[in-house]
Amino acid sequence: EAGVAQSPRYKIIEKRQSVAFWCNPISGHATLYWYQQILGQGPKLLIQFQNNGVVDDSQLPKDRFSAERLKGVDSTLKIQPAKLEDSAVYLCASSSLQGWTDTQYFGPGTRLTVL
Amino acid sequence: QQQVKQSPQSLIVQKGGISIINCAYENTAFDYFPWYQQFPGKGPALLIAIRPDVSEKKEGRFTISFNKSAKQFSLHIMDSQPGDSATYFCAASPLSGNTGKLIFGQGTTLQVKP
């Protein structure tokens, strides 16, 4: 079974530029999560999708961050414009959520550096 | 209320020793407590998880101890091996909303010396 795929793995941009990250979840997983992991901290949930609908985006900075999952499969997370404090690893995870304790499987992440 | 506090921040253990990582929470709505293991350059991976209806769960060398009244839970790694060197995160999931949302602790970097 293929894992969660993310690209790019690394990205370096200047502040005020825009950037987009892509995630392809495990086949058949209806639930997709985007997390932000700042160096030295635990992952923080940004947004959760169930199929192509948003379940929770309470911690997504909506003035600069956006995410979509148009066909209920892969997803993109965009930052526009980026700030220095956005430097972090952006992790995508998926689960089948057949029970709410279902395992979340994480991708390798995209490391973003904002200069 | 939504926080999960984890300690210690870092831990050095000799091979064969016991590694213990502790977590505490405030929100009594949390009803699922997983531990994730993360190696450098990789995403976190589920190690072991517990529900509050049991006080202990063991899987191989890994054991979770859960104290519901104290709102604390801990991970014990028995016979620690150099291959266990990684960052460990505790997490908790609130019952409300049934979304599977995870609140992570700050992480503990474990180094097992050969």
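Protein chains in written order, with the numbering used here: chain A, 6 to 120; chain B, -7 to 106.
Ideal Cβ placement from N, Cα and C applies to all residues, glycine included.
Per DSSP, which residues does residue i bridge with? Please list them.
i	result
B/Thr100	B/Tyr80
A/Asp61	A/Gln53
B/Val(-4)	B/Tyr17
A/Thr115	A/Tyr95
B/Gln29	B/Ala37, B/Tyr80
Between residue i and chain A, is the shortest Cβ-Cβ distance under 8 angstroms, so that the two count as touching?
i	result
B/Gly8	no
B/Ala37	yes
B/Gln98	yes
B/Leu3	no
B/Lys50	no
B/Lys105	no
B/Phe81	yes
B/Lys93	yes
Give a yes or no on whether the C-beta atoms belonging to residue i and residue j are separated by under 8 angstroms.
i	j	result
A/Asn29	A/Asp62	no
A/Leu75	A/Phe26	no
A/Leu117	A/Tyr40	no
B/Phe81	A/Gly47	yes
B/Gln64	B/Ala16	yes
B/Phe58	B/Pro44	yes
A/Val24	A/Ala87	yes
B/Gly97	B/Lys(-3)	yes
B/Gly8	B/Asp76	no
A/Gln53	A/Thr36	yes
B/Leu38	A/Thr108	yes
B/Ile69	B/Ile10	yes
B/Phe25	B/Ala62	no
Along the beta strand (DSSP E) that carries residue i, what are the first and last residues, could you check?
i	result
B/Glu51	48 to 51
B/Ile40	37 to 42
B/Leu3	2 to 6
B/His68	64 to 69
A/Glu123	Since the first and last residues shown for chain A are 6 and 120, residue 123 of chain A lies out of range.
B/Leu94	Element bounds for B/Leu94: n/a, residue is neither H nor E.
A/Val24	24 to 29
B/Thr20	No beta strand (DSSP E) holds B/Thr20; DSSP gives it neither H nor E.
B/Ile56	54 to 59
A/Lys16	15 to 18
A/Ala10	10 to 12
A/Ser80	80 to 84
A/Thr36	36 to 42
Give a yes or no on whether 8 angstroms exceeds the smallest Cβ distance from residue i to chain B.
i	result
A/Ser100	yes
A/Asp61	yes
A/Gly47	yes
A/Gln109	yes
A/Leu96	yes
A/Leu50	yes
A/Gln41	no
A/Thr36	yes
Could you say which of the options lies nearest to residue i if we only look at CA atoms?
i	options	result
A/Arg69	A/Arg21, A/Asn56, A/Val9, A/Ala10	A/Arg21
A/Gln42	B/Pro36, B/Ile4, B/Ser72	B/Pro36
B/Gly33	B/Gln73, B/Val46, B/Ala78, B/Gly92	B/Ala78
A/Leu120	A/Gly112, A/Ile17, A/Gly8	A/Ile17
Can you find a heavy atom of the ligand HEM that lies under 7 angstroms from the Cβ of residue i?
i	result
A/Leu120	In the structure on display, the ligand HEM does not appear, and there are no ligands present to speak of.
Taking C-beta pairs closer than 9 angstroms, name the residues in chain C that residue i reaches, listed in chain order.
i	result
B/Gly33	This model lacks chain C altogether, as its protein chains are A and B.
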